[in-house]
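Protein chains in written order, with UniProt numbering: chain R, 1 to 72; chain W, 1 to 72; chain S, 1 to 72; chain C, 1 to 72; chain X, 1 to 72; chain H, 1 to 72. In this text, a Cβ means the ideal position worked out from N, Cα and C, and glycines have one as well. Please read all numbers here as calculations on a predicted model, not as lab measurements.
There are 6 protein chains.
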Amino acid sequence: MKLSTRNRLPGTITEIVKGEAATKVSLQVGDNHMVALITTESADELGLEVGSQVTALVKATDVMVLTDEGLA
Amino acid sequence: MKLSTRNRLPGTITEIVKGEAATKVSLQVGDNHMVALITTESADELGLEVGSQVTALVKATDVMVLTDEGLA
Amino acid sequence: MKLSTRNRLPGTITEIVKGEAATKVSLQVGDNHMVALITTESADELGLEVGSQVTALVKATDVMVLTDEGLA
Amino acid sequence: MKLSTRNRLPGTITEIVKGEAATKVSLQVGDNHMVALITTESADELGLEVGSQVTALVKATDVMVLTDEGLA
Amino acid sequence: MKLSTRNRLPGTITEIVKGEAATKVSLQVGDNHMVALITTESADELGLEVGSQVTALVKATDVMVLTDEGLA
Amino acid sequence: MKLSTRNRLPGTITEIVKGEAATKVSLQVGDNHMVALITTESADELGLEVGSQVTALVKATDVMVLTDEGLA
Numbered sequence: 001m002k003l004s005t006r007n008r009l010p011g012t013i014t015e016i017v018k019g020e021a022a023t024k025v026s027l028q029v030g031d032n033h034m035v036a037l038i039t040t041e042s043a044d045e046l047g048l049e050v051g052s053q054v055t056a057l058v059k060a061t062d063v064m065v066l067t068d069e070g071l072a
Numbered sequence: 001m002k003l004s005t006r007n008r009l010p011g012t013i014t015e016i017v018k019g020e021a022a023t024k025v026s027l028q029v030g031d032n033h034m035v036a037l038i039t040t041e042s043a044d045e046l047g048l049e050v051g052s053q054v055t056a057l058v059k060a061t062d063v064m065v066l067t068d069e070g071l072a
Numbered sequence: 001m002k003l004s005t006r007n008r009l010p011g012t013i014t015e016i017v018k019g020e021a022a023t024k025v026s027l028q029v030g031d032n033h034m035v036a037l038i039t040t041e042s043a044d045e046l047g048l049e050v051g052s053q054v055t056a057l058v059k060a061t062d063v064m065v066l067t068d069e070g071l072a
Numbered sequence: 001m002k003l004s005t006r007n008r009l010p011g012t013i014t015e016i017v018k019g020e021a022a023t024k025v026s027l028q029v030g031d032n033h034m035v036a037l038i039t040t041e042s043a044d045e046l047g048l049e050v051g052s053q054v055t056a057l058v059k060a061t062d063v064m065v066l067t068d069e070g071l072a
Numbered sequence: 001m002k003l004s005t006r007n008r009l010p011g012t013i014t015e016i017v018k019g020e021a022a023t024k025v026s027l028q029v030g031d032n033h034m035v036a037l038i039t040t041e042s043a044d045e046l047g048l049e050v051g052s053q054v055t056a057l058v059k060a061t062d063v064m065v066l067t068d069e070g071l072a
Numbered sequence: 001m002k003l004s005t006r007n008r009l010p011g012t013i014t015e016i017v018k019g020e021a022a023t024k025v026s027l028q029v030g031d032n033h034m035v036a037l038i039t040t041e042s043a044d045e046l047g048l049e050v051g052s053q054v055t056a057l058v059k060a061t062d063v064m065v066l067t068d069e070g071l072a
């Protein structure tokens, strides 16, 4: 099985905030903090929990590039 | 200046492939390889080059979660 | 009137889950189950109801490709 | 600092609706009304309020084109 | 006919750059410059030309918010 | 292995148009025609060919809803 999605970042879930329809999942990926907004249906079905080892996936068309530093 | 975009991953450009309208930018971000598909206009205006230090930005709504391992 | 959006999948709404800001809309599209996460403002304005005939629209840049089978 | 994101539309926040995980931010941008769905974490961290001057950002890959008029 | 897409920005096409698979469409929307990256199939089917009056559509989940000014 | 992505539509590749950076993949999914714009790197790595059986994946946040009919 192969997926076209180019960006696959392994990490650990650090927080889950569930709303009715949408759920925020926070991840630690290496030195970086990441956040995913997925459906609550999805979070329930996957049985996501704080401490779970997961992989964050991002399609290449959704990645932007920022040069230099300084954005707070 | 503050940006709502939650995911900011600092890295180094490893490859740039330019098409007429779209350009692929490959990045090394920690231990991970990332790929961005942006407009060629954007790549030119930012003066992106192999070796440039940049930050990959991704909106939280564009991050998916995969559990377990095994996806090739 | 013509729309650039390439993917148009006619179906029937099977479930609506409304949160404050976001709403999940489930659809039956042929043999497939689909899910949309839209603003609650949008769901209200369109008067979406279970049983409504609608069309799911997806921009081509948001479609990924998976080969083989087996992803749960 | 330069950002690859092509679309930058300055405006004023007219409404904020916060859910647990997701928040809707309405904006007036020139003669147009715009709506953003972002994480509530993001809305809190940026201290967004009705009346705040902000810029709406959109990646070029997320812009669709509709010809003629008439879509309600 | 009603569409869930919240952001509809009427404008005029100022430039079209066609690649094999992807096409860049530049628009003037009020005082703002906008850019869309769509499939070339789409651009051809819609018969887009410089000077055409069109509407740029953006899903609310794809709108980010930047506070203050200064991003080049 | 489980993926948060809600929309999984099995189909057959009917056409592939490769550009330098971006590739268009056309699919027949039941009675519907679908189009994906992915990186050419991805299309090459997956070894996509006309006639390949694949699954189109779409994140719920990227699905819009259109009511009634009539959009050309």
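Item to check | Residues, ordered as in the chain, of the segment 44–63 of chain R that lie near chain W by beta-carbon distance below 9 Å | outcome: 46, 47, 48, 52, 53, 54, 55, 56, 57, 58, 59, 60, 61, 62, 63
Next on the checklist: Once the 5 residues before and after residue 18 of chain S are set aside, which same chain residues still bring their CB inside 7 Å of it?
Outcome noted: 40, 43
Item to check | Contacting residues, own chain, Cβ-Cβ under 6 Å from residue 7 of chain H (five flanking each side not counted) | outcome: 58
Item to check | Cβ-based neighbour list, residue 35 of chain X, same chain, cut-off 8 Å, excluding 5 preceding and 5 following | outcome: 24, 25, 26, 27
Next on the checklist: Can you list, in chain order, the residues of its chain with a C-beta nearer than 6 Å to that of residue 10 of chain S? Leave out the 5 residues immediately preceding and following it.
Outcome noted: 55
Checklist entry - Nearest-angstrom Cα distance between residue 38 of chain X and residue 62 of chain C? => result 9 Å
Checklist entry - Quick one: Cα of residue 65 of chain C to Cα of residue 51 of chain X, how far? => result 14 Å
Checklist entry - Under a CB-based cut-off of 8 Å, is residue 35 of chain R close to chain C? => result yes
Next on the checklist: Excluding the 5 residues flanking residue 5 of chain X on each side, which residues of the same chain have their C-beta closer than 6 Å to its C-beta?
Outcome noted: 57, 59
Checklist entry - When the Cα of residue 49 of chain R is compared with those of R:3, R:12, R:1, which residue comes out closest? => result R:12
Checklist entry - Which residue comes first and which comes last in the alpha helix (DSSP H) that contains residue 43 of chain R? => result 40–46
Checklist entry - Does any residue of chain S bring its CB to less than 8 Å from the CB of residue 19 of chain C? => result yes
Checklist entry - Quick one: is residue 66 of chain R near chain C, going by C-beta distance under 8 Å? => result yes
Next on the checklist: Distance check for residue 53 of chain W and residue 16 of chain S, CA to CA, integer angstroms please.
Outcome noted: 44 Å
Checklist entry - Which value, in whole angstroms, describes the spacing of the CA atoms of residue 70 of chain X and residue 1 of chain W? => result Confidence at residue 70 of chain X is low in this model, with a pLDDT of 47, below 50, so its placement is unreliable and no value can be given for it.
Next on the checklist: I'd like to know if residue 38 of chain X contacts chain S, where contact means its C-beta is closer than 8 Å to some C-beta of that chain.
Outcome noted: yes
Item to check | Own chain residues within Cβ distance below 7 Å of residue 22 of chain C, not counting five before or after | outcome: 37, 39, 40
Next on the checklist: Please classify residue 20 of chain H as buried or exposed, where buried requires at least 16 neighbouring CB atoms within 10 angstroms.
Outcome noted: buried
Next on the checklist: Considering only heavy atoms of the ligand FAD, does any lie closer than 7 Å to the CB of residue 45 of chain S?
Outcome noted: This structure simply doesn't include the ligand FAD, nor any ligand for that matter.
Next on the checklist: Could you check whether the Cβ of residue 4 of chain X sits closer than 8 Å to any Cβ belonging to chain S?
Outcome noted: yes
Next on the checklist: Between residue 15 of chain S and chain C, is the shortest Cβ-Cβ distance under 8 Å, so that the two count as touching?
Outcome noted: no
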